[in-house]
Amino acid sequence: MLACDLPEAGVRRVSALPTAAEPAGFWSGVAVWVDKPHVVNRRLTGAKEVARIWTNHRVISTMLQQPRVFAGLSEESLQKRLADMKMEGRNEAEGDDLELIIRDLLPRQLERAKVVREVVVLDHPRITAWFIPLGSSCHGDTESEQSYKSYRFVYSEDQTGKTIALDILSPPGVAAAHSPDRNCSTGGAAVHSPDRNCSTGGAAVHTAEDDRKCSPGGAAVHSAEDDGICSPTTKWLCDHLLPKIAKWSADVAPGGRRRVQALVPIDRYNIRYQQLKRKYGRRMMQVWPDVTTTDPEKFVYEDIAIATYLLLLWEEERSRLRLEEKQSFVDLGCGNGLLVYILAQEGHPGKGIDVRKRTTWDIFGQGTVLQEEPITPSDSCLFPDSDWLIGNHSDELTPWIPVIAARSSYTARYFVLPCCPHDFHGRFARTHTATSHYRNYLDYVCSIGQACGFTVEEDSLRIPSTKRICQIGRTRIYPEDEMQKIDKQISDFIISRPREQPKNPPKSQTERTGATTEFLQGGRNVFTDDPSADSKLTSDRRRSKVDGTTANGSALWVDGFQPRSKVELVRNCNRLEEGLKERIVNTVGLALLSQTGTASGAVLNQT
């Protein structure tokens, strides 16, 4: 059906790869390219789905006859136009067996490329996926628009095995050059002329023109028709995209695919991220090495990405709830404070709290509120005047943030980005071996939010980290008059959690280093710069264990909670006192030299 609506004479098969995938796997592989094209084409930041409907070939044929019209329609107008066309062209004799997706391909560099609108047709009966660029704003003249390259992936199975093939639909004019008397046939599709090698066994066939052009991940492209975004080169499709489709088709992950940043519009995210990157990124990259040794490439751009996500999430919330004022926030365990700085500069009132001041705090100025104080889960650690609580890699505070949000106020919401796994009483113990430790912990943090009465949403961020899945609690599943009931439910949940009781409990830092420090420093802990560090670290903790209160007398929600130390313990040899290594070497050397022999009877060389 669809094949009749496209100029089949211009279709040529350029490559095919053997596969072990089933049809369901093929569709999963195609879906990755549809939803996340940026994982292969680094010139893209992603794709925005504009419309998705089940329809028939008549609607698609009508749309392809007016490419410039559909390329210029807004999202709302396009959806209405498609709905009207579907009703007008309905034929009871033919079913809607074609899945039509219209997506906008979003370039990474907005100043150098424009958004491209593309039609994706998933022909499920024929196990074929078409990708057809419309006459978008990428080029302005009709002649260039007619030069766009369409392509399709075809899954087939016969007595020789299963294959995934790549076919190219040449633009008008180019298709005429592939006349039947010059082409050889492969499964009914026209392919290269005899002076080039026809192949369906896995070897890609390219033209000399294709080989002169660059792939979307490489240097500048020398042709407007094959610009790497509107129209990828045949070489790139064969060498990069087809192998990826084949790989994704064979590697079907259990549980389906996860969409990246499904809760915020990707096109607006791309624009806002580039703006914040220019506004804050360059300056921070310059001053960062002067105040800290951490990697600015990771921390600066990661916090800019998280800030972009939160700003868009909050913009959507203000629109949905008709809020006039920007949301307030508290970042618990704010670390370097950059996220707090960006959010505050963008007009959101808030503050960051951490047990230890960082050297980066001084570069943000007085407009950024950063407080150095311990955070303990108790009645004194509530924030009834804040709209959002943020936990960005907040470690031991992560499981407590949904609890603090639930008890702060009925309208409080939270955002957590879990990293190191912690429970209420200590380290998190893995419960299911069938999934990864990380996935186990995400499920656990989600269960905490649900026990606190939140509808928990999960999303995947675009950050340079392997721990990029965030969880958001912004709506409650209970009315406000049941807060007391939910509070009891939360307490029961916390009590039900097993306490960490290892078979061989590890010694404390003081106990582990006691003998060494007594020998080397007369009993002082050499792993800190502060001679009184041991007493500072344990004074509040001893009180908590004795009477279950914090330093200011507020009741703890759980006994034995260990907040992070204010003094950062050094666990390597970077800051040991001068002469310590020499004393260790001398002590070990003298002990060895005092030995008269070995167990085997050999005599040590003591000369």
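Numbering follows numbering that gives the first Met the number 0, in which position 39 of the sequence shown is assigned residue number 38; successive positions increment by one, without gaps.
By construction, the Cβ of each residue, glycine as well, lies at the ideal position given by its N, Cα and C atoms.
Take PHE492 and list the residues in its own chain whose beta-carbon comes closer than 6 angstroms to its own, dropping the five residues that flank it on each side. Here the set comprises ALA450.
Could you say which of GLY364, GLN470, THR432 and GLY448 lies nearest to TYR308 if we only look at CA atoms? GLN470
Among the candidates MET62, ASP302, LYS297 and VAL31, whose CA atom is the shortest distance from the CA of GLU48? VAL31
List the DSSP bridge partners of LEU121. GLU98 and ALA128
What three-state label does DSSP hand GLN344 in the structure shown? helix
Give the secondary structure of ALA15 by DSSP, where H, G and I count as helix, E and B as strand, and everything else as coil. strand
Just grab the DSSP bridge partners of TYR154 for me. Looking at the DSSP output, TYR154 sits in a beta bridge with ILE163.
Report the rounded CA-to-CA distance for SER543 versus GLY366, giving the unit in angstroms. Because the pLDDT at SER543 is just 41, under 50, the model does not fix this residue reliably, and the point stays unresolved.
For LEU97 and LEU168, the rounded distance between their alpha carbons: Each residue's CA atom was taken as its position, placing LEU168 and LEU97 some 19 angstroms apart.
Closest to LEU99 by C-alpha separation, out of LEU441, SER379, LYS487 and ARG57, would be which residue? ARG57
Measure from the alpha carbon of MET62 to the alpha carbon of each residue in VAL39, ILE362, VAL120 and ALA46, then state which is nearest. VAL120
To the nearest angstrom, how far is it from the Cα of PRO113 to the Cα of ALA50? According to the sequence as given, residue 113 is Lys; it is not Pro. Cα-Cα distance, rounded: 19 angstroms.
Runs of 3 residues minimum, wholly inside the stretch 304 to 351: which ones carry the beta strand (DSSP E) assignment? 328 to 331
For a test of the three-state rule: what should DSSP assign to ASN55, helix, strand or coil? In the structure shown, ASN55 sits in coil (DSSP, three-state: anything other than H, G, I, E or B).
Alpha carbon to alpha carbon, what distance is there between LEU133 and GLN64? The straight-line gap from Cα to Cα measures roughly 10 angstroms.
ALA46 in three-state terms, based on DSSP: strand
Helix, strand or coil at TYR477 according to DSSP, with G and I counted as helix: coil
Given a cut-off of 9 angstroms, decide if VAL444 and THR359 are closer than it, judged by their beta-carbon atoms. no
Taking just the CA atoms, how far does HIS392 sit from GLU156? Our two residues, GLU156 and HIS392, have alpha carbons roughly 48 angstroms apart in a direct line.
Note down the Cα distance separating SER149 from LYS161, rounded to an integer number of angstroms. When rounded, the distance between both Cα atoms is 23 angstroms.
Where PRO66 and VAL118 are concerned, what is the direct C-alpha to C-alpha distance, given to the nearest angstrom? 10 angstroms
Suppose only complete runs of 4+ residues qualify. What are the alpha helix (DSSP H) ranges in the stretch 373 to 457, listed by chain order? Runs of the alpha helix (DSSP H) inside the stretch 373 to 457: 400 to 407 and 436 to 450.
Taking the alpha carbon of GLU316 as the point to measure from, which residue in ASN335, ILE101, VAL557 and THR474 has its own alpha carbon closest? THR474
Hey, is the stretch 261 to 277 in contact with the stretch 232 to 246, meaning 3+ C-beta pairs nearer than 8 angstroms? Result no; under three Cβ-Cβ pairs closer than 8 angstroms.
Using DSSP with H/G/I as helix, E/B as strand and the rest coil, what is SER490? helix
Note down the Cα distance separating GLN326 from LEU109, rounded to an integer number of angstroms. 29 angstroms
Let me check understanding here. Comparing Cα to Cα, which of ARG41, PHE130, LEU388 and THR127 lies closest to ASP330? LEU388
Own chain partners of PHE69 with C-beta closer than 7 angstroms, once the 5 adjacent residues on each side are dropped: MET62, LEU77 and LEU133
Do you know how far the Cα of LEU381 is from the Cα of ALA616? There is simply no residue 616 to check, as the chain begins at 0 and stops at 606 in what is shown.
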